[in-house]
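A short write-up of the structure that comes next.
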């Protein structure tokens, strides 16, 4: 029995290289949940095989700027002259149907969401050690030393922002991290601030 | 990996007849946890087969009153001329070793704990419906109608205090309730306020 029927907006974030995507995949591979991705909007052109509403919502630059102006994006950023953002209305629709919407975004984006949706759950995925994070960044492939160094500088700035999140989950193993996130989702649904309205209705008959 | 090494004080409470004891037993029968009971102190005489420090710590009335005066009890109450209470020092010792200490107590006692240990986790076990609670109270055995009525009046007062707790867990099935409590314990350990100190230490080497 759920006293809280509305889905949760779960924001997964963390420093570059910490393994956010892998943890999110493991989370979605777990059974018995009702998680959905949030599909982003972008102004970049669809690539071969991409479908509107599947990989992204593809919209024009004008429409995107309009959405920014009308406060219809939970967060957005510009990369290489293209905008990417999370549409507030789509997220709201899914939350209303009781689905947990998972956003996997960079630290900057997460802080934007914080301002727009206070009831979202903010989870910071942390490396077990800083050495581990550095090694992951280095191991990412064939990038030049300069690129590794730039990403490391970025990650060093990002790890300092964990205190702004509700939870810190260490990515020591992907399974542990995903398990812990699932526990957080279950626990959040039992929080008094999310359950008290239905609960108060349920006990209403004691006034008879 | 745990960023939070200290155990949690988990206060399970709820109205008379909701099934607190059954839920607590199911919780302790789950595997992979480090839960311990808190052993109460009492001024009543030990019964045959009871051992000091196992069922209760048996102390004199004078010692008990001394403990009240010195603020060394997390909560206490008097029943039929005997005192019962939770010793703060014993609870602290167990929390320090990383064990989760579970207190299963009445609503009044829980509110006393709230004042003394803000960092404890307060879980209110709720019935699925008020009719269900009434039926449980009635089904408890051979008690007279007067006793059932008195317990029902008490339960009706207690259900109204759920809003003072951190979480509301519905006891629809014992397994569901125990699972949810375990999720809450895991989630609480990941909370930023409990993890940020170790985390900050861990990232300390980025200043090198």
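Chains as they are written, first to last, in the numbering used here: chain A, 19 to 226; chain B, 19 to 226. Just so you know, even glycine gets a beta-carbon here, dropped at the ideal spot from N, CA and C. Quick caveat, the model's predicted, so the values are computed rather than measured.
The beta carbon of residue 183 of chain B lies closer than 6 Å to those of 140 and 142 in the same chain, with the five residues before and after it left out.
Linking residue 206 of chain A to residue 198 of chain B through their CA atoms gives a straight-line distance of about 10 Å.
Contact of residue 181 of chain B with chain A is assigned, a C-beta pair being separated by under 8 Å. Given a length threshold of 4 residues, each whole run of the alpha helix (DSSP H) inside the segment 84-151 of chain B is given here in chain order: 106-114 and 125-134. In the DSSP assignment, residue 155 of chain A forms no beta bridge with any residue. For residue 143 of chain B, the closest Cβ of chain A is not nearer than 8 Å. Taking residue 61 of chain B as the centre and dropping the five residues before and after it, the same chain places the C-beta of 79, 82, 100 and 101 closer than 6 Å to its C-beta, in chain order. Remark: fewer than three beta-carbon pairs, one from each stretch, lie closer than 8 Å, so the segment 49-61 of chain A and the segment 124-136 of chain A are not flagged as touching. Residue-level contact check: residue 150 of chain B does not touch chain A, since none of the beta carbons of chain A fall below 8 Å from its beta carbon.
Residue contact with chain A for residue 188 of chain B: present (Cβ-Cβ distance below 8 Å to some residue of chain A). Taking residue 86 of chain A as reference, the option from A/107, A/73, A/173 and A/25 with the minimal CA-CA separation is A/107.
Less than 8 Å separates the beta-carbon of residue 186 of chain A from that of residue 180 of chain A. Of the candidates B/152, B/114, B/39 and B/63, B/63 places its Cα closest to the Cα of residue 98 of chain B.
Residue 116 of chain A sits exposed, since fewer than 16 C-beta atoms from the chains shown fall within 10 Å of its C-beta. Rounded to the nearest angstrom, the gap between the Cα atoms of residue 148 of chain B and residue 171 of chain A is 57 Å. Taking 8 Å as the CB threshold, residue 52 of chain B stays off the interface with chain A. In this structure, the CA atom of residue 88 of chain B is about 21 Å from the CA atom of residue 27 of chain B.
In the three-state reduction of the DSSP assignment, residue 59 of chain A falls in the strand class. Annotated three-state conformation of residue 194 of chain A is helix, per DSSP. In its chain, beyond the 5 residues on either side, 35, 36, 37 and 145 have a beta carbon closer than 8 Å to the beta carbon of residue 154 of chain A. If you look at residue 74 of chain B, you'll find it in the beta strand (DSSP E) that goes 74-76.
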